[in-house]
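Asker:
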Amino acid sequence: MSSKRAAPAAAAADAPAKKRSTKINVDNLPHAARQAHKAKSIEKIEMPKRPKTAWSIFFMEYLDKQRAAGKNVAPTAEGANAAKVWKEMTDAQKAPYSEQYQRELASYKERTEEKLQAMSPAEFRQENMRRQALKKAGKKTLPPLKDPNAPKRPLGAYFRFAHDQRATGKYEHLGVKEQAKALGEAWSALPDSVKLPYQEAFKKESESYKVLKAAYDEKAKEFQP
Numbered sequence: 139m140s141s142k143r144a145a146p147a148a149a150a151a152d153a154p155a156k157k158r159s160t161k162i163n164v165d166n167l168p169h170a171a172r173q174a175h176k177a178k179s180i181e182k183i184e185m186p187k188r189p190k191t192a193w194s195i196f197f198m199e200y201l202d203k204q205r206a207a208g209k210n211v212a213p214t215a216e217g218a219n220a221a222k223v224w225k226e227m228t229d230a231q232k233a234p235y236s237e238q239y240q241r242e243l244a245s246y247k248e249r250t251e252e253k254l255q256a257m258s259p260a261e262f263r264q265e266n267m268r269r270q271a272l273k274k275a276g277k278k279t280l281p282p283l284k285d286p287n288a289p290k291r292p293l294g295a296y297f298r299f300a301h302d303q304r305a306t307g308k309y310e311h312l313g314v315k316e317q318a319k320a321l322g323e324a325w326s327a328l329p330d331s332v333k334l335p336y337q338e339a340f341k342k343e344s345e346s347y348k349v350l351k352a353a354y355d356e357k358a359k360e361f362q363p
């Protein structure tokens with residue numbers, strides 16, 4: 139009888155131990171950790187990288203020359219030496235590095251614009267949610283991406299009037315603050331009949347904007363974290 143009882147116990151001992159679940163309960167994490175987990179769970183949309191500045195280009199070249207001369211180079215230790223050389227260089231000597239930076243910056247802007255034009259509303263939502271989570275987690279502060287193809291809010295009645303008035307050149311001799319004051323006074327002095335076309339144009343475009351924005355938002359919701 140005792141051997142029969144021992145058999146199940148022995149079998150239980152030989153059975154593989156159950157693995158403990160390593161799944162993280164995100165709800166129990168601190169706020170910053172939850173946001174960091176959220177950011178990590180969202181796939182990053184790769185964007186063109188900003189080019190190195192003129193100084194950075196020079197510094198990398200400086201390090202390469204030091205290594206080529208057989209020196210054991212530590213970038214942090216060489217920073218002060220390179221900065222001293224850079225400071226003593228003339229504008230003409232710095233020009234090649236500045237020109238390279240400007241060329242690469244122009245290329246970066248062009249590639250970035252091409253990337254933004256090609257992205258879908260859902261991709262903008264995806265990357266901006268990731269960036270917002272990183273910011274809340276205290277990791278990085280990246281500006282939200284702006285979709286150049288997103289519906290644009292229409293100008294209000296007053297701003298339409300101000301735009302038309304500025305186009306006449308009547309206010310160009312005034313500074314920014316003086317212009318704003320003069321245009322505000324001019325708008326206030328207008329009879330309702332003159333304001334009406336601006337107000338109606340704004341109302342009409344607002345209705346169209348709401349329809350376009352709703353359709354855009356639906357496309358953006360195709361991404362769900």
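Counting in this note's numbering, the sequence shown runs from 139 upward without gaps.
In this text, a Cβ means the ideal position worked out from N, Cα and C, and glycines have one as well.
These figures come from a predicted structure and were not determined experimentally.
#1: Short check: CB of P186 to CB of R263, under 8 Å?
#2: Does the contact criterion of 3 or more C-beta pairs under 8 Å hold for the segment 286-301 versus the segment 333-351?
#3: Quick one: Cα of A218 to Cα of S344, how far?
#4: Distance check for Y246 and E237, CA to CA, integer angstroms please.
#5: Assuming L312 and A320 are in contact, meaning their beta carbons sit under 8 Å apart, how far apart are those beta carbons, in whole angstroms?
#6: Can you check whether the CB of I183 is closer than 8 Å to the CB of A271?
#7: Does the count of Cβ pairs from the segment 271-280 and the segment 165-173 closer than 8 Å reach three?
#8: Compare the beta carbon distance of K351 and S258 with 8 Å and say whether it is the shorter of the two.
#9: Where V349 and A288 are concerned, what is the direct C-alpha to C-alpha distance, given to the nearest angstrom?
#10: Starting from P213, follow the alpha helix (DSSP H) in both directions and report where the run begins and ends.
#11: Just the C-alpha distance for V332 and Q303, rounded to the nearest angstrom, thanks.
#12: For the alpha helix (DSSP H) containing Q337, name the first residue and the last one.
#13: Figure out for me which residue from S326, N266, K284 and K290 has the closest Cα to the Cα of K176.
#14: Would you tell me roughly how many angstroms separate the C-alpha atoms of A220 and K315, rounded to the nearest one?
#15: Count the other CB atoms, across all protein chains shown, that sit within 10 Å of the CB of A300; report buried if there are 16 or more and exposed otherwise.
#16: By DSSP, does H175 sit in helix, in strand, or in coil?
#17: For W193, which option in E261, A305, A318 and W224 has the closest C-alpha, if you only look at C-alpha atoms?
#18: T279 lies in the alpha helix (DSSP H); which residues open and close that run?
#19: In this structure, does DSSP put N166 in helix, strand or coil?
#20: Tell me whether the beta-carbon of E360 lies closer than 8 Å to the beta-carbon of A260.
#21: Can you check which of these residues, P282, A327, Q231 and P189, is closest to R241 by C-alpha distance?
Answerer: This is what the structure gives:
#1: no
#2: yes
#3: 57 Å
#4: 14 Å
#5: 6 Å
#6: no
#7: yes
#8: no
#9: 12 Å
#10: P213 to E226
#11: 13 Å
#12: D330 to A358
#13: N266
#14: 46 Å
#15: buried
#16: helix
#17: W224
#18: Note, T279: premise wrong, no alpha helix (DSSP H); not H, not E.
#19: helix
#20: yes
#21: P189
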